[in-house]
Each structure stands twice: as structure tokens, then as C-alpha cells.
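Since the structure comes first, as C-alpha cells, the remarks are kept for the end.
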Amino acid sequence: MTMTAPDVHDGEAMFDALIEADGRIEPRDWMPDGYRRTLIRQISQHAHSEIIGMQPEGAWITRAPSLARKAILLAKVQDEAGHGLYLYSAAQTLGITRDEMTQQLVDGKARYSSIFNYPAPTWADMGAIGWLVDGAAICNQVPLCRASYGPYGRAMVRICKEESFHQRQGFEILLTLMQGTEAQREMAQDAVDRWYWPSLMMFGPPDDDSPNSAQSMAWNIKRFSNDELRQRFVSMLVPQAAVLGVTLPDPELRFDDETGRYETGEIDWTEFHEVLAGRGPLNTTRRRHRRDAHEEGAWVREAAAAYALKKQRRTAGEAA
Ligand code: BYC
Numbered sequence: 174m175t176m177t178a179p180d181v182h183d184g185e186a187m188f189d190a191l192i193e194a195d196g197r198i199e200p201r202d203w204m205p206d207g208y209r210r211t212l213i214r215q216i217s218q219h220a221h222s223e224i225i226g227m228q229p230e231g232a233w234i235t236r237a238p239s240l241a242r243k244a245i246l247l248a249k250v251q252d253e254a255g256h257g258l259y260l261y262s263a264a265q266t267l268g269i270t271r272d273e274m275t276q277q278l279v280d281g282k283a284r285y286s287s288i289f290n291y292p293a294p295t296w297a298d299m300g301a302i303g304w305l306v307d308g309a310a311i312c313n314q315v316p317l318c319r320a321s322y323g324p325y326g327r328a329m330v331r332i333c334k335e336e337s338f339h340q341r342q343g344f345e346i347l348l349t350l351m352q353g354t355e356a357q358r359e360m361a362q363d364a365v366d367r368w369y370w371p372s373l374m375m376f377g378p379p380d381d382d383s384p385n386s387a388q389s390m391a392w393n394i395k396r397f398s399n400d401e402l403r404q405r406f407v408s409m410l411v412p413q414a415a416v417l418g419v420t421l422p423d424p425e426l427r428f429d430d431e432t433g434r435y436e437t438g439e440i441d442w443t444e445f446h447e448v449l450a451g452r453g454p455l456n457t458t459r460r461r462h463r464r465d466a467h468e469e470g471a472w473v474r475e476a477a478a479a480y481a482l483k484k485q486r487r488t489a490g491e492a493a
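Structure (C-alpha cells):
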């Protein structure tokens, strides 16, 4: 029997059929180069966002107002490290190494979410980050559990469960502050005022200015457009803001009975593009901090690699 090499066209037909049937693509399956590149871009950016996203909250662990608050915040930041690791692992199945991705981040060649370039000067920022930033993350990420690439979709399932705990802890911080003194209520409102608009920008540019959306939706990576998800997020926020007693800082925000949608004021896309271009309030600080931590942690990676090698040799010696 003669064996023939698998034909690229068979792989392509199989890929197309799987996408058409809303099936899952796995690491060893044939996939178009563009699909692989898109996933590496999105998953690595997502991983970097989780890792850089640890910084604003990490800085509050020692300043949390009680032991219980400290333990909760610590657990949340550890979850984010875990999310980064699942996502780096998912991206590695596509043929890029973790070292390459980290290098791209510290060299300023890789993106991470715009939201993490803003400062977190008060304890209320921990509440606003949880409520708004993790809230936006859930809206964006729940549909990603159904992303066509298996390792990404599966990683997202656990991430989303943890994100929903994060969102609730942020809501609870704000609720406690809003039931406190006048100064605490002002601090909560101020944090909401600062994080609201940047959280809307997390969903990416408007649909008519989103170069990647159409192809990513055709490949079942993205399930909804940037504007659709932003709209879902605003619909979720309005009743929650009423329970909290905070005002969303958009005087033009209103529900349109005809379209059944919330209309928001104009988002400042110039600010978004400035942040993406590296000129946000804290881009340099965030990236420098990550680079320093990477350099200072080199000895830990070397020690772990030496230990793994020693263990491997010992096991091989025992087996011989
Ligand atoms: N920030 O064509 P588009 C978290 C870029 S972490 C920066 O619409 P796409 C958390 C975009 O990359 C959650 N860049 O792109 C962690 C593209 O540039 P390139 C993070 C942005 O990919 C710790 C260009 O703009 N979540 O929750 O179809 C503590 C054009 O955009 C942003 C994810 O990463 C932005 N906001 O859609 C607390 C979700 N928006 O790459 C919380 C996964 C757009 O062509 N990612 N750009 O140079 C996605 O769902 C999609 O990548 C996006 C963008 C919706 C973000």
C-alpha cells in the first residue's frame, strides 16, 4: 500500500468544514497561517494584559484596609497570574515560545489592554477595577469560551469563572464605600468617574474602525463585534450603578425605546489611540516594571531549570 503525504487541500477542506460546523480546531490540525497569526496575536495580548494587569492591584496588597481585604486581593492577583499562564500555554501550542512572547512585551513590541495604563491612586480604585474592568472582561470573554481554537476556548472557561468572582468583589468594595461616610462615597464616585470611559475602550475601536473583526468573526474566534459587546456591558452597568448609588459619568447616556439599546455619549477615541501608541498615563512605568521583574527573576528561572534537569537525570539514572 502506498502512503501519500496529507494534502494541504485536504487540511484546508477539513478546516473549512470544522469552522462551518462550529467545531473546534486543535493544535495538530491544519490551519491557515492567518488563523494561526491572529490567534497568537490575540492570545498573547490577552496573556500580557493579565500579567500587566497585576500591577495596579499588586501595589494595593500591602495597603488593603483589613486582613480579609488583603487576603481577597492577594487571591485575585494570584488568579490573574494563573490566567496569564493558561493563556501563554495556549499560545505556545501555536508554535511561539513563552520567552519570545515575554521578550516582545518587554521590548514594547506587543500590545496589552489599554486599561492598565491608568493609575490606581485610592482604595476605591480596587472596587472600580473589579466592577468595571473585570465586568468588561467578562462581557468580552464569556463568548471567547466558544472560540474555535480548542486550547483558547477551554482556558477561557476557568478564567471566566474566576473573573466573575473578581467582578463581585469589586462591586462589594464599592457598595461598602457607598454605605460609608461622605468622604468614602466621594472616593467611590471619583474612582468610577476615572475608570468608566477607559473600561468602554477595552472593547476595542468601533466596528467600522476594527480591521480584525470581520475575519476573526468568520473564523469563530470572536463571536460578537466590539460595539455589540460594549452595548451589552453598558446594559449590565446601568442597573448595577443604581444599586450602588453611583452615577455613570455620561450625561448623554439614555435608553432608546426605538432601538432597544443604550445610547452613550461620544467615546474619546483620540485618547484610546494615544494610549495604544504608548502615550497613556503609565505605559512607560508598566512596561519598565515588567522588564525589571523579568530581569530580577532570571535567577529563579535558572534555578528551576537546573532543578528540573537534576530531577530528570536522577529519574533516568534510577530507570537505567
Ligand atoms: N487595548 O481590529 P481590532 C483582564 C488593538 S485582562 C489595546 O478591533 P481585535 C484583567 C488590537 O489589538 C483582559 N489594544 O482588534 C486582568 C488591534 O491592534 P493589532 C484583556 C487594543 O483583536 C488583570 C487594533 O487595536 N482581554 O480582564 O479584533 C486585572 C485594532 O482592533 C484594544 C483581552 O485581551 C485595547 N483595549 O479586537 C483585571 C480579550 N482594543 O493587534 C482584569 C481578548 C483593540 O492589530 N482580546 N486593540 O496591532 C479581544 O477580545 C480582542 O483582541 C479585542 C480587540 C476585542 C481586545
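Start counting at 1 in the sequence shown, then tack on 173, and there's your number in this note's numbering.
Glycine included, every Cβ here is placed at the ideal spot set by N, Cα and C.
Keep in mind the model is a prediction, meaning the values are calculated, not measured.
- Residue 445 and residue 374 have their C-alpha atoms some 7 Å from each other.
- For residue 357 and residue 351, the gap between their C-alpha atoms comes out near 7 Å.
- Here the distance from the Cβ of residue 384 to the nearest heavy atom of the ligand BYC is below 7 Å.
- Counting other Cβ atoms within 10 Å of its Cβ, residue 428 stays below 16 and is therefore classed as exposed.
- Within the same chain, and ignoring the five residues on either side of residue 307 in sequence, the residues whose Cβ sits closer than 7 Å to its Cβ are 336, 339, 340, 343.
- In this structure, the C-beta of residue 378 approaches the ligand BYC to less than 7 Å from one of its heavy atoms.
- In the displayed model, residue 434 falls within a strand according to three-state DSSP.
- Not one heavy atom of the ligand BYC sits closer than 7 Å to the Cβ of residue 245.
- Remark: C-beta atoms of residue 377 and residue 399 approach each other more closely than 8 Å.
- With a threshold of 7 Å, the Cβ atom of residue 226 counts as near the ligand BYC, since some heavy atom of the ligand is closer than that.
- The region 257-269 makes no contact with the region 289-302: fewer than 3 CB pairs, one atom from each, lie closer than 8 Å.
- The continuous beta strand (DSSP E) containing residue 429 extends over residues 427-429.
- Relative to the Cα of residue 217, the nearest Cα in the group 188, 283, 245 belongs to 283.
- Secondary structure of residue 198 (DSSP, three-state): strand.
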